[in-house]
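In our numbering, the protein residues as written are 1 to 243. Glycine included, C-beta positions come from ideal geometry on N, C-alpha and C. What follows is a short report on a single structure.
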């Protein structure tokens, strides 16, 4: 399906590749106890309904900390975002926050506007960092997911779980911000890829952290329970500085 927006080449605005093709299969399967969309790629996708269940404690048995990574540009995030989501699309910062001291038993959800480009790209980078930090098939973070449909779909269906409204990436009011943010995003990705060509440094205190093997065995649906330990990253840098 072609993008409904005007071609960026005609406006002179560099933007990430946009893919509006829907995930073909929507059947739910279960991975590590969390229902995911079947045939959704190397990083499994979850629905907005599943994310709400995660937030409200339905799957508390399977994790202790939840981190929602919003990979959109700062002006998009400021226009509205999922409650508690972290605005981050810098691989180096992602590596610093999650791999200098790996977080035990955390569940990570990535998304962007539609979850077709920036979110999946950051999720893939996150998984590659995890792979490079361990001996296969061990992982620090086996529970990494992509929010299917991205913020646009989630905000339309679950607005009560969002702070603010919805600002499109291609909103004409933010043309200059779009150009600057896209350049910054591409530069960050390129610099990180170049840095990864060098030997990957060992993660400190790796032996002190529990390693998980991947892929994880299939789980099963649990009945709702009271949320016991839903935590979000509270870094002042991420909360106050747009990346």
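The continuous beta strand (DSSP E) containing residue 82 extends over residues 80-82. Between residue 139 and residue 46 a beta carbon distance of about 18 Å is seen, past the 8 Å cut, so the two are scored as non-contacting. When secondary structure is reduced to three states using DSSP, residue 52 falls in the helix class. Residue 157 and residue 57 have their C-alpha atoms spaced approximately 19 Å apart.
Counting C-beta pairs closer than 8 Å gives three or more between the stretch 122-139 and the stretch 81-100, which meets the contact rule. Non-local C-beta neighbours of residue 152 in its own chain, meaning closer than 7 Å and more than five positions away in sequence, comprise 113, 114 and 166, ordered along the chain. Of the other Cβ atoms in all chains shown, fewer than 16 fall within 10 Å of the Cβ of residue 41; this residue is therefore exposed. For the pair residue 132 and residue 141, the CB atoms are not nearer than the 8 Å cut-off.
At the C-beta level, residue 108 and residue 86 stay beyond 8 Å of one another. Buried is the label assigned to residue 143, since at least 16 other Cβ atoms lie within 10 Å of its Cβ.
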